[in-house]
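Residues 15 to 191 (this note's numbering) are what the sequence shown spells out, left to right.
Every residue, glycine too, gets a C-beta built ideally from N, C-alpha and C.
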Amino acid sequence: MVAEEKGKKRNYCGGEWKQHRMKIPMGYRFIPTDTELILDYLLQKIIGKPLPADIIPQIDDLYRIDPQQLPLGKYQYWKENEAYFFTHQHQTYLPGDRMPNGFWEADKKDEYILDEHNLQIVGFKSTFTFYRVIERKEEETDWVMTEFKVHSTLIPYDAADENLMLCKIEYNPQTEE
């Protein structure tokens, strides 16, 4: 499989997954803290600087893609059933503007993300659950998305892409007893 070849990864672009090289030593796993996601990946991408590891693809409208179509756990660096993506800040859905088969709904308000070293706010995270629409009925699924945003005070006025966000999508099947 192309997605599992050593050192390669696919990037969603125009309906197909494109390959690009991953840059992370063999044997390592991508398990960053929230602060690392904000400062080392998202902020660096926003200001146009190189990332510590080029392993997060960008999907321009992640909110309009069914999470079952995403390649969770397909890469040797991510945990099974999770994936990270850069995407642009979405606009609030208007009635009738949802995907035909479902939508993401916020679970709670934004949470602060603090820099562990100086305890300053560096960003925010929001959690969303995917709801599947079947015959006009909304059913909560086991898909969860955590959306990360950089605090506006850290973004310079000449930032390359100030509306960029980072999303972590997980599939957590609930076991019924």
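Spatial neighbours of residue i in its chain, beta-carbon cut-off 7 Å, leaving aside the 5 residues before and after
{"i": "L65", "result": "Y55, Q58, K59"}
{"i": "R78", "result": "M113"}
{"i": "P170", "result": "I61"}
Exposure label - residue i; buried when at least 16 CB within 10 Å
{"i": "I148", "result": "exposed"}
{"i": "P81", "result": "buried"}
{"i": "A174", "result": "exposed"}
{"i": "N186", "result": "exposed"}
{"i": "L180", "result": "buried"}
{"i": "G41", "result": "exposed"}
{"i": "K63", "result": "exposed"}
{"i": "K93", "result": "exposed"}
{"i": "K182", "result": "buried"}
Beta-carbon separation (whole angstroms), residue i vs residue j, contact threshold 8 Å
{"i": "T143", "j": "E154", "result": "6 Å"}
{"i": "V136", "j": "L178", "result": "Not confirmed; about 15 Å, so no contact."}
{"i": "D48", "j": "K139", "result": "6 Å"}
{"i": "F99", "j": "L76", "result": "6 Å"}
Interface flag, residue i vs chain D, CB-CB below 8 Å
{"i": "P170", "result": "Reference to chain D is not applicable here, since this structure consists of a single protein chain."}
Beta-carbon gap between residue i and residue j smaller than 8 Å
{"i": "D121", "j": "H102", "result": "no"}
{"i": "P85", "j": "A97", "result": "yes"}
{"i": "E176", "j": "N95", "result": "no"}
{"i": "I127", "j": "I70", "result": "no"}
{"i": "E125", "j": "Y145", "result": "no"}
Cβ neighbours of residue i in the same chain (closer than 6 Å, five flanking residues each side left out)
{"i": "T141", "result": "D121, T160"}
{"i": "S166", "result": "none"}
{"i": "D129", "result": "T49, V136"}
Cβ neighbours of residue i in the same chain (closer than 8 Å, five flanking residues each side left out)
{"i": "V164", "result": "I52, L56, L57, I60, V136, G137"}
{"i": "Q188", "result": "D156"}
{"i": "F162", "result": "D48, L51, I52, L56, I127, G137, F138, K139, M179, L180, C181, K182"}
{"i": "Q134", "result": "L128"}
Contact test: residue i Cβ vs the ligand FAD heavy atom, cutoff 7 Å
{"i": "M40", "result": "The ligand content of the structure shown is nil, which means the ligand FAD is not present either."}
Margin query: I'd like the ranges of any beta strand (DSSP E) spanning at least 3 consecutive residues and lying wholly in the segment 68–154.
Written below: As far as the segment 68–154 is concerned, its whole beta strand (DSSP E) runs of at least 3 residues are 96–102, 116–120, 125–128, 135–148.
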